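Let me begin by presenting the structure, written as structure tokens, before commenting on it.
Here it is in structure tokens:
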């Protein structure tokens, strides 16, 4: 598994939803719908927080959690 595969899958999954989906890595906030933002941030070993707000947030959280788990990325989904 390469991070490239994870980045593409995360961005494609996030773009299916209308909700705002933001990944926090240390003190940076990245729009998960932005492949470029993910490329500059998603590096191995970090712990991430996922913030999802909007009309389809619950479904988005479920699908994105599955993608993070599939690629062995450490993420906490913030309610």
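Numbering (the working numbering), first residue to last: 285 to 363. Virtual Cβ for every residue (Gly too), placed ideally from N, Cα, C. Keep in mind that this is a model prediction, so the values were computed, not measured.
- For residue 360, DSSP records a beta bridge to 333.
- Residue 362 counts as exposed, since fewer than 16 other beta carbons sit within 10 angstroms of its beta carbon.
- When only Cα atoms are considered, residue 345 and residue 319 end up about 18 Å apart.
- Assignment of residue 348 by DSSP, reduced to helix, strand and coil, places it in the helix class.
- Collapsing the DSSP output to three states places residue 295 in a helix.
- If you draw a straight line from the Cα of residue 297 to the Cα of residue 331, it comes to about 20 Å.
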